[in-house]
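A short write-up of the structure that comes next.
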Amino acid sequence: PLQRTLRASHPPASQQAKTFKHTMTIELDVEGMACGGCSGSVKNVIEKLEGVESVVAHHAKMDNPNKVFVEGSVEEAAVVEAIKKAGFNVVGK
Numbered sequence: 004p005l006q007r008t009l010r011a012s013h014p015p016a017s018q019q020a021k022t023f024k025h026t027m028t029i030e031l032d033v034e035g036m037a038c039g040g041c042s043g044s045v046k047n048v049i050e051k052l053e054g055v056e057s058v059v060a061h062h063a064k065m066d067n068p069n070k071v072f073v074e075g076s077v078e079e080a081a082v083v084e085a086i087k088k089a090g091f092n093v094v095g096k
């Protein structure tokens with residue numbers, strides 16, 4: 004009988020990409036988000052940034068008024084700049 008051996012093909016360790024990205028959550032207070040359209044605009048500009056995994060933008064909620072939460076390997080300064088370019092202010096930044 005004929006036997007076949009299947010082997011997984013893996014590149015040598017020297018050729019494997021070694022990319023480790025630190026994922027973190029950024030929480031920002033944003034002024035001027037008064038409606039769903041505002042929070043949607045903020046969310047859209049942040050989602051375009053490289054390294055962003057998820058964005059939640061709350062407007063006028065009792066538990067988290069005008070909060071933005073960003074998860075990913077993006078720098079906080081890049082998120083703040085994107086929010087400002089969208090026409091909103093980040094408290095303390």
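Using the working numbering, the first residue of the sequence shown is number 4, and each one after it goes up by one.
Note that beta-carbon positions come from the ideal geometry of N, C-alpha and C, so glycine has one too.
C-beta atoms of residue i and residue j nearer than 8 Å
i: A80; j: V48; result: no
i: G35; j: F91; result: yes
Exposed unless 16 or more other CB atoms sit within 10 angstroms - verdict on residue i
i: G43; result: exposed
i: H62; result: buried
i: V33; result: buried
Cβ neighbours of residue i in the same chain (closer than 8 Å, five flanking residues each side left out)
i: T28; result: F72, V73, E74
i: G97; result: Residue 97 is absent from the model: the chain starts at 4 and stops at 96.
Sequence-distant residues of the same chain with beta carbon closer than 6 Å to residue i, five excluded per side
i: V58; result: K46, I49, E50, V73
i: L31; result: V71, V93
i: E56; result: E74, G75
Same chain, Cβ closer than 7 Å to residue i, five either side skipped, listed in chain order
i: C38; result: H62
i: S76; result: K24, H25, T26, G54
i: K21; result: Bear in mind that a pLDDT of 48 at K21, under 50, signals an unreliable position, so the number given afterwards is only what the model happens to contain. Hits under 7 Å: none found.
i: E135; result: This structure cannot settle anything about residue 135, because the visible part of the chain is limited to 4 through 96.
When the options are compared against residue i, the one with the closest alpha-carbon
i: A85; options: E56, L52, A60; result: L52
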